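The structure under discussion appears below in the form of structure tokens.
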Amino acid sequence: MITSTSPVDTKSNKFEKLKQEKDGLAVKHQLDEFARIGWESVGETDLNHRLKWLGIFFRPVTPGKFMLRLRTPNGILTSKQMQVLAEIVDRYGEDGNADITTRQNLQLRGIRFEDIPDIFRRLESVNLTSIQSGMDNVRNITGSPVAGISADELIDTRELVQKVQDMITNHGAGNPEFSNLPRKFNIAIEGGRDNSVHAEINDVAFVPAYKNGALGFNVLVGGFFSAKRCEAAIPLNAWVAPNDDVVDLCRAILEVYRDSGLRANRQKARLMWLIDEWGIEKFRAKVESQLGRPLATAALADEIDWDKRDHIGVYPQQQPGMNYVGLNIPVGRLYASDMFDLARMAAVYGGGELRLTVEQNVIIPHVKDAHLDAFLQEPLLEKFSVNPNPLARSLVSCTGAQFCNFALVETKNRAIALVKELEAELDIPQSVRMHWTGCPNSCGQPQVAEIGLMGTKVRKNGKTVEGVDIYMGGKVGKDAHLGTCVTKGIACEDLKPFLENLLIENFGAKKKV
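Residue numbers 1 to 513, in full-length UniProt numbering, belong to the letters of the sequence shown in order.
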């Protein structure tokens, strides 16, 4: 096991060295002191790096206003949790908001450093945590957003996702066993037929599959996006039952990756690089050895045989007389007033629960038939529609330059404005999945989109201006695969006519008369 007392590898990069010097979780016990002395007095390494182990992100573009990334396993929140998060965000006025991420998670913005100890106490009071949500840790674990409520589901993923999170984070207390991975790590557990979690882009993914009449999971490994390389996950040739075997296998894979993953070059530190070096058979054998028992071979086929659903609209649940309602949240951005309304609506009309999706939307389940009409009259639905226009419906965006210092272009605000202009001028007969990402780190996942836009800088009229590279061909759901870059260096100011032509030539759009 890699520990903070292990000798420093002279070939390691600076991140490995800072982890050797002090485990990232160590700053958990310094928060009160940090809040007292102020962020400007915190050491550079703690401020810029180790605080991320607690989900606290210093943002140079908004100095003094931090981002806090939560953990919301399977994307599930209670009304009370959303109420507390709304109260936290509300304190920061125009600077405060919450973004739904592409991992069914929330990131709170505008956080003041001196408030963090109190915020953490408030989170703990409603069983929320941000532990190990940044840097070289396992990120939020995704599962079907309609787990336990869809009439068509195969496996309810909620308990499994929570068990995996509890194993990784020591039930939210922080777990040094898994706080020093070579790089970040993504896990997804799919329970339905439509690949709602985008299994192919996760380091480890479990997808439903029948083997000898028993329902369990086939296992995929190695999917990831980075600035230098993007790869879809590949089969491990393993099948596990939908029980603690999932937790045990996650642990074994993480231990193999932790102890043997490549660390010298961070651009080659994700799991797939280790699989490339060893080959999938050796990797599987190492995992079996760590697990202490052989793995069953994979089922011949999985059960991902539906097109991808976005869950926007009204749908009957498996529970008689109940419905879940999917709301379109444009590019996933919520303000305090929105969060208060969502918490209230879930409590009044539903069962006091909300679900987040990887498309950055919100589902409110357990709405009784008798309450549905009143629910649909709520003013908030004028902003967060249950029947949005075709481009707004599938619009996804990363944080962008407004809050992220890595982003090369502004994304969220530009994406919304551009979609409104396109929808005003075009008749578009189908939903088109458009994903924006501000830089090659691909947080907005342009490779899974039908039209993906990746921020870059371009030269125009002798000046450097904001631009994008265009990706096309990404497919989700059954037969999922990644798209590829088709055009480079389109200036953002020239983007509207370019996208109009793409929509007309490839998606049946027509100019409005």
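Yeah, the Cβ is synthetic: ideal placement off N, Cα and C, and Gly gets one too.
Remember, predicted model here, so these are calculated numbers, not experimental data.
When the alpha-carbon of H198 is set against those of A299, R309, E21, the nearest one is in R309. Of the residues G438, G192, L70, A232, the one whose Cα lies closest to the Cα of L154 is G192. Distance check between A343 and each of V287, V207, L77 places L77 closest, using alpha-carbon atoms only.
Within the UniProt domain "Nitrite/sulphite reductase 4Fe-4S" (135-294), the complete alpha helix (DSSP H) segments at least 4 residues long are 158-169, 244-260, 271-278, 280-291, listed from N- to C-terminus. For Y349, the enclosing alpha helix (DSSP H) starts and ends at 336-349.
Collapsing the DSSP output to three states places D302 in coil. Taking 8 Å as the cut-off, the beta carbon of P73 is found closer than this to the beta carbon of V161. G455 sits close to T411, with the two beta carbons spaced by under 8 Å. Contact between the region 255-262 and the region 276-295 is present: three or more C-beta pairs spanning the two stretches fall below 8 Å. Beta-bridge pairing by DSSP links A415 to no other residue. Check the Cα spacing between D194 and each of N361, S150, N461: the tightest is with S150.
Per the Cβ contact rule, the region 163-173 is not in contact with the region 206-218 (fewer than 3 Cβ pairs under 8 Å). Taken through DSSP and simplified to helix, strand or coil, V465 comes out as strand.
Residue Q402 holds the alpha-carbon nearest to the alpha-carbon of M67 among E277, T142, Q402.
Judged by DSSP in its simplified three-state form, E94 adopts helix.
Looking only at A415, G508, G400, the smallest Cα-Cα distance to V409 is reached by G400. In chain order, Q104, P145, R355, L356 place their CB closer than 6 Å to the CB of G75, counting only its own chain and leaving out the 5 sequence neighbours on each side.
As a beta-bridge residue in DSSP terms, G326 pairs with G313, I363. The beta carbon of A252 lies closer than 7 Å to those of V287, Q290, L291 in the same chain, with the five residues before and after it left out.
V138 and K511 have their C-alpha atoms some 46 Å from each other. If you ignore the 5 residues before and after I56, its C-beta comes within less than 7 Å of the C-beta of F66, L68, I116, all in its own chain and listed in chain order. For K488, the closest of V458, F58, S196 by C-alpha to C-alpha distance is V458. DSSP links I37 through a beta bridge to no other residue. Exclusion of the five residues before and after T157 leaves N74, G143, S144, A147, I189, E190, G191 as the residues of its chain whose Cβ lies within less than 8 Å of its Cβ. Judged by beta-carbon spacing, V367 lies within the 8 Å limit of Y349, meaning their Cβ atoms are closer than that value.
The secondary-structure analysis by DSSP pairs W53 with nothing; it has no beta-bridge partner.
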